[in-house]
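**Student:** Note that the working numbering numbers the sequence shown so that position 58 is 512, with each residue one more than the last.
All residues carry an ideal CB built from backbone N, CA and C; glycine is no exception.
Just dropping this structure here.
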Amino acid sequence: MSVSSLLNPKNIDFSKNDQAICDYILQHPQKTKLMTIQKLASNTGTSIAAVQRFCAKLSFNGFKEFKQVLAKELELEKAGNPQHDFLKEYQEAIIEFQSLDLSLLIDKIKKSRIIFSTGIYYSSLPAKQLHFALIDLHKPSLWAEGFTSMSHLLPSATKDDTIIFFSINGDLSDNFKGELSPFFAENPNTFLITMNPATPLKQFFKNIIVLPGKSFNFHSSIDSQSIACLFVELLINQLDQNPL
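This is the structure:
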């Protein structure tokens with residue numbers, strides 16, 4: 455049995471919520487096996503009860519049992535050569551970097567008073583890397599990770615500054631929508647760095663840079679930051695070749 459077969463048994467009609475949960479798991483199988491039921495409900499815009507009903511329709515006693523079976527199926531699918539497959543997808547993503555246009559972001563960084571580099575959880579790693587790299591290039595930069603530090607830092611940003619936000623999966627949380635979205639929506643120089651071209655976060659940003667490697671990230675057990683960190687290195691090297 456494949457993961458697709460596991461999620462789509464015959465003679466079962468899915469509700470709108472069921473389909474949303476199914477589609478999410480198919481896109482993020484590795485992440486789902488590590489998630490809590492609360493996290494899956496939040497990421498799919500459903501509820502804990504909806505996830506429980508979905509599992510019951512698939513003949514599981516609960517979300518815990520479903521995750522156990524999902525994990526086994528994923529292991530079977532990777533039994534061939536998981537390291538080769540992982541590195542192949544990474545290689546394909548790197549090649550796609552050649553078509554990435556960074557000219558606008560580079561121009562904004564050159565002209566900005568201060569660069570605000572921000573990110574949440576895993577995505578705070580490339581944000582921090584960019585901050586330190588800009589400091590090394592003698593460009594004023596501030597860094598914040600997490601909702602609390604960002605909500606304290608971003609009010610100081612002006613129209614002469616540039617705000618960069620890393621969100622590899624592009625998920626829209628209630629905290630972001632309620633606390634942080636006004637800071638991004640009101641500033642004319644905002645950039646979202648993501649791997650998700652369909653992210654709901656894009657409504658709050660003036661500029662979006664979609665990194666290659668969407669498939670690579672979907673199959674990763676965590677929100678992979680290697681592509682985002684490579685993006686930072688590419689950006690910094692281009693900046694260094696074109697002095698600020």
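Should H606 and W597 be called a contact, given that it needs their Cβ atoms to be closer than 7 Å?
**Tutor:** No, the Cβ-Cβ distance between H606 and W597 is not below 7 Å.
**Student:** When burial is assigned at 16 or more other CB atoms within 10 Å of the CB, is N643 buried or exposed?
**Tutor:** Classification of N643: buried, given that the 10 Å Cβ count is 16 or more.
**Student:** Answer yes if the region 465-472 comes into contact with the region 497-515, meaning at least three C-beta pairs across the two stretches below 8 Å, and no otherwise.
**Tutor:** Result yes; three or more Cβ-Cβ pairs closer than 8 Å.
**Student:** Taking the C-alpha atoms as reference points, what is the distance between N691 and P580?
**Tutor:** When rounded, the distance between both Cα atoms is 15 Å.
**Student:** In terms of alpha-carbon separation, which member of L689, N515, I491 lies closest to L558?
**Tutor:** Cα-wise, what sits closest to L558 is L689.
**Student:** Could you tell me if N701 is buried or exposed, where buried requires 16 or more neighbouring beta carbons within 10 angstroms of its beta carbon?
**Tutor:** Since the first residue shown for the chain is 455 and the last is 698, residue 701 is missing from the structure and cannot be characterised.
**Student:** Tell me whether G632 sits in a helix, a strand or coil according to DSSP, three-state version.
**Tutor:** G632: helix per DSSP, three-state reduction.
**Student:** What residue does the alpha helix (DSSP H) around A503 start on, and which one ends it?
**Tutor:** Start and end: 502-511.
**Student:** Are the region 632-639 and the region 516-528 in contact at 8 Å, needing three or more beta carbon pairs?
**Tutor:** With a cut-off of 8 Å, the region 516-528 and the region 632-639 do not count as touching, because too few Cβ pairs lie within range.
**Student:** Using 10 angstroms around the beta-carbon of I569, count the other beta-carbons present and answer buried if the total reaches 16, otherwise exposed.
**Tutor:** I569 should be labelled buried.
**Student:** Since I618 contacts T572 with CB under 8 Å, what's their CB separation in whole angstroms?
**Tutor:** With 8 Å as the limit, I618 and T572 qualify as a contact, their Cβ atoms being about 7 Å apart.
**Student:** Is the separation between the beta-carbon of P654 and that of V664 shorter than 7 Å?
**Tutor:** In this structure, V664 does not lie closer than 7 Å to P654 by Cβ.
**Student:** Alpha carbon to alpha carbon, how far is P594 from K526? Give it in angstroms, no decimals.
**Tutor:** Approximately 49 Å, taken between the alpha carbons.
**Student:** Taking 7 Å as the limit between beta carbons, can you name the residues of its chain near N497, skipping five residues before and five after?
**Tutor:** Here the set comprises Y478, D625.
**Student:** Return the CA-CA distance between T699 and F645, expressed in angstroms with no decimal places.
**Tutor:** Residue 699 falls outside the range modelled here, since the chain spans only 455 to 698, and no answer is possible.
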